[in-house]
Amino acid sequence: MKQLPWSKVALLALDVDGVLTDGHLLIDGSGGVVKRFFVRDGSGIVRVRRLGIKVCWITGRSDAATQQRAKELGIDQLIEGCHDKAQALQRLCFQYECTSDQVAYVGDDLLDLPALKESGIACVPANAHAVVKEVADYVCDAQGGYGAVREVCDHLLHAREET
59 MKQLPWSKVA LLALDVDGVL TDGHLLIDGS GGVVKRFFVR DGSGIVRVRR
109 LGIKVCWITG RSDAATQQRA KELGIDQLIE GCHDKAQALQ RLCFQYECTS
159 DQVAYVGDDL LDLPALKESG IACVPANAHA VVKEVADYVC DAQGGYGAVR
209 EVCDHLLHAR EET
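For the sequence shown, the working numbering puts the final residue at 221, and the numbers step up evenly by one.
See the structure below:
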């Protein structure tokens, strides 16, 4: 198994649905969306941010639940309604003055493929789409919405001996 450059990561970019959540959407009668976020993922994100690693979310959807959770966690940037995640990732690298080799990206579905291929460490949850798993540098033991993000955060923390 190849050694991954966790200690070089300056930017952690995350998809939302299927990565930070289990991928289920609950939609009420008025069209409001309810999502479940895993608390330990949030704890890992907060700890990683304390190390100076930028944490950004790139999602194809736009909803108040995601906006609220991003605000609670102090996410550096939330990009919503995005269908070209590789281009968004390139803009983030420019903005935060890092290279794509310094990016860990976590995605679970076909829309994430270009961003995964663009990143230094391509991570996927255990329940990611099979095609997406094929390009992954790291397949989490945990599923999306059930600790996959925390698992990646723990690798970043361990690489800096902050566990």
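Just so it is clear, CB atoms sit at the ideal spot from N, CA and C, and this is done for glycine as well.
- Under the DSSP assignment, C211 falls in the alpha helix (DSSP H) whose first and last residues are 206 to 217.
- A direct Cα-to-Cα measurement between S88 and V207 gives close to 31 Å.
- Our two residues, G178 and Q160, have alpha carbons roughly 6 Å apart in a direct line.
- With a beta-carbon spacing of about 22 Å, G139 and S158 fall beyond the 8 Å limit used to define contacts.
- In chain order, H213, L214, A217 place their CB closer than 6 Å to the CB of W64, counting only its own chain and leaving out the 5 sequence neighbours on each side.
- The three-state reading of DSSP puts L72 in strand, counting E and B together.
- Taking 4 residues as the minimum length, the alpha helix (DSSP H) runs contained wholly in the segment 105 to 183 are 122 to 131, 143 to 153, 171 to 176, in order along the chain.
- Close CB contacts of G100 within its chain, under the 8 Å cut and outside five residues either way in sequence, are with R127, E130, L131 (chain order).
- The beta-bridge partner set that DSSP reports for I85 consists of V91.
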